[in-house]
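Reviewing the structure listed below.
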Amino acid sequence: MEQKTARLTVLIDPDKKKAFETLCAQQDVTPSQVVRRLIRDYLAAHGVDFGPGGAKAPEAG
1 MEQKTARLTV
11 LIDPDKKKAF
21 ETLCAQQDVT
31 PSQVVRRLIR
41 DYLAAHGVDF
51 GPGGAKAPEA
61 G
C-alpha cells in the first residue's frame with residue numbers, strides 16, 4: 001500500500017456511479033481499491049514506472 005495519498009476527483013454519471021458502488025459492495029471491495037487497481041494496471045500496461053520521485057514514461061524509440 002502506498003504511504004502517502006492524494007485525492008483524485010472524477011465526474012461520473014450518477015447511474016454509473018451507483019452501479020459501480022453496488023458492484024463493488026457485492027465483491028466486498030471499496031470503489032477506491034478498484035480505482036487504485038485500475039490506475040496501477042493502466043500505468044503498467046503502458047510501461048510507466050512509478051514510485052518515489054514521480055512517474056517516468058517509457059522512452060520513445
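Just so you know, we're using full-length UniProt numbering here: the sequence shown kicks off at 1 and counts up by one.
Glycine residues also receive a C-beta, built at the ideal position from the N, C-alpha and C atoms.
Cβ-Cβ separation, residue j to residue i (assumed contact under 8 Å), whole Å
| i | j | result |
| --- | --- | --- |
| C24 | P14 | Their Cβ separation, rounded to whole angstroms, is 16 Å, which puts C24 and P14 out of contact at 8 Å. |
Closest by C-alpha distance to residue i, when choosing among the options
| i | options | result |
| --- | --- | --- |
| A6 | R36, L43, V48, K17 | R36 |
| V34 | K4, A45, E21 | E21 |
Checklist line | Minimum length 4: unbroken alpha helix (DSSP H) runs contained in the UniProt domain "Ribbon-helix-helix protein RHH" (1-46) | finding: 14-26, 31-45
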